[in-house]
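Peer 1:
Residue numbers (this note's numbering), protein chains in the order written: chain A, 89 to 433; chain B, 750 to 881; chain C, 100 to 281.
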């Protein structure tokens, strides 16, 4: 494949996956409202389209036509850049996520991800850590008390849990011996003892899985760790002074990060696209993709379920939990996993 | 397929361009459409409808700074663990022991933090100041 | 191709560095530094050091610069005044120093242009290569960094730890004493 064609294919894949992300984002919001509605014994959106399915589009149009207000007291350049930074960084991490095995098309092997790099997992961690700027800068540049407190809280919370997040992934790295997400998924194919899937969650990373999920919930500022936007005390938190599409960029970034977390949990712990594949060749292409989407949808559902169930932490509880409970447990997980892997290899 | 490894990273640059192609037009569109109406109350900072008082840029707890520093240190620890994790199967028990020493030393620092109360927020921290 | 990318990102890097110095607002300077860090990561990538590039982003751009931003947020740092009179010492010492630095740079570049310099373990490759080097050949330096991290943790806590009750009592007593005298 020539370089030009290679880059063109890459760009097309980027374009497709980004648009898929936007659609998934829209329908995650719809699903969230619907599921939360049913948890709270109401209907959720029903008016726009069948089952309220067109609601996200209506919301999008509404947000676009809202007044884009830049208050006079903000620090203008950073105030404008911050939402773009948050959104772009949330879209960057999807580039290395493989959603299905490589596709054979016109005689080429086309990997079903924008690009497969040796340091895929580290790339996602790096992009996530840069994503903190979007929130910290939004809070700071707004020059408003709620936004400032929300931004400070959010960034302190995100960096606190980022340490645990990084450490919780080390168990998986020990099992797979590679940073490439393709490679990590390939390691998890097949079965042991004849019937249990060879997924990391069943291969001793059960504990690491929960550490990852907890740290990732805090990292994406979701319930029960949604202190930064605790509406009863801080208004909207870091995006208090934002309106219209700039506000929705933060909203999109939050949901994109949720989807990335769900994808990563699927790839690292639940074997990615692996699952029973039967039938004609066309199904061999489509079923892995379906398995992947199903697993991601499952994680997104858990996100919503948790939101409908859990109360919010207090800030001192949040910090104490992150540093005094999660971090030591993550280190313990590393040591125990390392001992067993080193002993039996 | 390209044989140079760095070619694999080029699509990431294009991906950044694609992401910006989504974000920037949205930013421009939203400033172009949508009605604008300014009045004094709207131009105030939002503080639940009460007229804002005081300065935003007050002084904040030094705890935030401490959390930032501790994060760097534990991030450095985690970064050392990454390359170790992917070759542990080659290093075998030798690798386990060398990392146990490393983690042990860092854990001493961790217990020091906990005992000093450096990560106590709220209740516990308040009590220790009130007891003065 | 490689060379073009190198020059593009080198230009971004130097542009970011100059912008860092030229900006008046500390937050703009901090963000320029993030740009410098990120473009350095790309340069590492072009050298074949994938892992180092990732670490550059995670540690420098992701952790250390966040601390910078925190400090700017916490200290309420505003625009700093530029211009006005520069001190005589700065002119007398700075300009010759700049000249010496430039000469040294030119000398270093021309002297080493011919032969390439091989550094221990500088072969490009996947992260496994650097991992093998780090945990076999450079084991002692690696273990020593753990002591370094420990010292840094203690330093951070000593500098920014919450007030211990007995210290607070002393400070309060001292303040009361001063108040009485004045």
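Glycine included, C-beta positions come from ideal geometry on N, C-alpha and C.
In three-state DSSP terms, what is residue 204(A)?
Peer 2: Coil, per DSSP.
Peer 1: Starting from residue 285(A), follow its DSSP beta bridges and name the residues at the other end.
Peer 2: 279(A), per the DSSP bridge assignment.
Peer 1: Under a CB-based cut-off of 8 Å, is residue 175(C) close to chain B?
Peer 2: Residue 175(C) counts as touching chain B.
Peer 1: Which of the three DSSP states is assigned to residue 188(A) in this structure?
Peer 2: The answer is coil: DSSP assigns residue 188(A) none of H, G, I, E or B.
Peer 1: Closer than 9 Å between beta carbons: that is the criterion. Which residues of the region 784 to 797 of chain B meet it against chain C?
Peer 2: Correct list: empty, as no residue qualifies.
Peer 1: Identify the contact partners of residue 183(A) in chain B, using a Cβ-Cβ distance below 8 Å as the criterion.
Peer 2: In chain order: 760, 761, 764.
Peer 1: Buried or exposed for residue 850(B), going by 16 or more other Cβ atoms inside 10 Å?
Peer 2: Label assigned to residue 850(B): exposed.
Peer 1: In the DSSP assignment, find the unbroken beta strand (DSSP E) run with residue 197(A) in it and report its ends.
Peer 2: Unbroken beta strand (DSSP E) run through residue 197(A): 196 to 198.
Peer 1: In three-state terms, what does DSSP make of residue 193(A)?
Peer 2: In this structure, residue 193(A) counts as strand in the three-state DSSP scheme.
Peer 1: Considering Cα atoms alone, identify which of 262(A), 306(A), 313(A) is closest to residue 292(A).
Peer 2: The option with the nearest alpha carbon to residue 292(A) is 262(A).
Peer 1: By a C-beta neighbour count over all protein chains shown, 10 Å radius and 16 as the cutoff for buried, is residue 386(A) buried or exposed?
Peer 2: Exposed.
Peer 1: Three-state secondary structure (DSSP) at residue 869(B)?
Peer 2: Of the three classes helix, strand and coil, the one that applies to residue 869(B) here is coil, per DSSP.
Peer 1: How would you call residue 203(C), buried or exposed, if buried means at least 16 neighbouring beta carbons within 10 angstroms?
Peer 2: Per the 10 Å Cβ criterion, exposed.
Peer 1: If I measure Cβ to Cβ from residue 229(C) and keep anything under 6 Å in the same chain, skipping five residues before and after, which residues do I get?
Peer 2: Cβ within range, chain order: 150.
Peer 1: Going by C-alpha distance, which of 866(B), 855(B), 863(B), 812(B) is nearest residue 245(C)?
Peer 2: Among 866(B), 855(B), 863(B), 812(B), the Cα nearest to that of residue 245(C) belongs to 855(B).
Peer 1: Assuming the contact rule is C-beta atoms closer than 8 Å, residue 164(A) and residue 187(A) should be a hit. Round their C-beta distance to whole Å, please.
Peer 2: Residue 164(A) to residue 187(A), Cβ: 39 Å. No contact.
Peer 1: Assuming residue 251(A) contacts residue 820(B) under a Cβ cut-off of 8 Å, what Cβ separation, rounded to an integer in Å, is found between them?
Peer 2: Right, their Cβ atoms sit about 6 Å apart.
Peer 1: On the DSSP letters alone, give me the boundaries of the alpha helix (DSSP H) that residue 253(C) sits inside.
Peer 2: 238 to 259 is the extent of the alpha helix (DSSP H) around residue 253(C).
Peer 1: For residue 220(C), I'd like the list of residues in its chain whose CB is within less than 6 Å of its CB, leaving aside the five on either flank, ordered along the chain.
Peer 2: Unreliable placement is indicated for residue 220(C), whose pLDDT of 46 sits below 50; the coordinate value is still reported in the next sentence. Within the same chain, residue 220(C) has close Cβ partners 232.
Peer 1: Alpha carbon to alpha carbon, how far is residue 113(A) from residue 800(B)? Give it in angstroms, no decimals.
Peer 2: Answer to the nearest angstrom: the Cα atoms are 37 Å apart.
Peer 1: At 7 Å on the CB atoms, spell out the chain C contacts of residue 722(B), in chain order.
Peer 2: Outside the modelled stretch of chain B, which goes from 750 to 881, sits residue 722(B), for which no answer is possible.
Peer 1: Given that residue 844(B) touches chain C, what residues does it touch there, using C-beta distances under 7 Å?
Peer 2: Neighbours of residue 844(B) on chain C, chain order: 234.
Peer 1: Closer than 9 Å by beta-carbon distance: list the chain A residues that pair up with residue 108(C), in chain order.
Peer 2: Here the premise fails: no neighbours, minimum Cβ distance about 16 Å.
Peer 1: Using only CA atoms, which one of 259(C), 225(C), 208(C), 142(C) lies nearest to residue 112(C)?
Peer 2: Among 259(C), 225(C), 208(C), 142(C), the Cα nearest to that of residue 112(C) belongs to 142(C).
Peer 1: If I measure Cβ to Cβ from residue 348(A) and keep anything under 6 Å in the same chain, skipping five residues before and after, which residues do I get?
Peer 2: Cβ neighbours of residue 348(A) beyond the five flanking positions: 181.
Peer 1: Does chain B have any CB closer than 8 Å to the CB of residue 219(C)?
Peer 2: Below a pLDDT of 50, predicted positions are generally treated as unreliable, and residue 219(C), at 47, falls in that range; the measurement from the model is reported next regardless. Chain B, which has no Cβ nearer than 8 Å to the Cβ of residue 219(C), makes this no.
Peer 1: Using a Cβ cut-off of 8 Å (strictly closer), state whether residue 195(C) contacts chain A.
Peer 2: Not an interface residue.
Peer 1: Please list, in chain order, all residues of the same chain as residue 403(A) whose beta carbon is under 6 Å from its beta carbon, the five residues on each side excluded.
Peer 2: Contacts found: 315.
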